[in-house]
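Numbering (this note's numbering), first residue to last: 20 to 123. To start, the structure under review is shown below, and the notes come after it.
Spelled out as structure tokens, the structure:
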């Protein structure tokens, strides 16, 4: 993340951050001899492609780091109030929604 501060020349008008989901489970069952993930079909019906705990932690870390740098340290965006809005957009895929919640 670039280092910016309130004394920098110019006016910050918009920040656009684009990222994919955090780490996720595979979308298909692993081969029978691969013991990395459960072989139980029920696991794959429920968890295939979903965000892992590690993936959620990745996005929480990114969200905290961006807040620290751009709001807390550089004061480029007010911490509360003002006419500044934050919008998040996600597809309807579960791992993307989970990632957005973790980032926020």
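Using N, Cα and C, we set each Cβ at its ideal position, and we do this for glycine too.
Taking the CB atoms as reference points, tell me whether residue i and residue j lie closer together than 7 Å.
{"i": "residue 40", "j": "residue 115", "result": "yes"}
{"i": "residue 49", "j": "residue 56", "result": "yes"}
{"i": "residue 109", "j": "residue 119", "result": "yes"}
What whole-angstrom Cβ distance do residue i and residue j have, given they're in contact under 8 Å?
{"i": "residue 122", "j": "residue 82", "result": "4 Å"}
{"i": "residue 46", "j": "residue 67", "result": "5 Å"}
{"i": "residue 42", "j": "residue 71", "result": "5 Å"}
{"i": "residue 113", "j": "residue 75", "result": "That pair is no contact at about 12 Å."}
Which residues does DSSP pair with residue i in a beta bridge?
{"i": "residue 70", "result": "43"}
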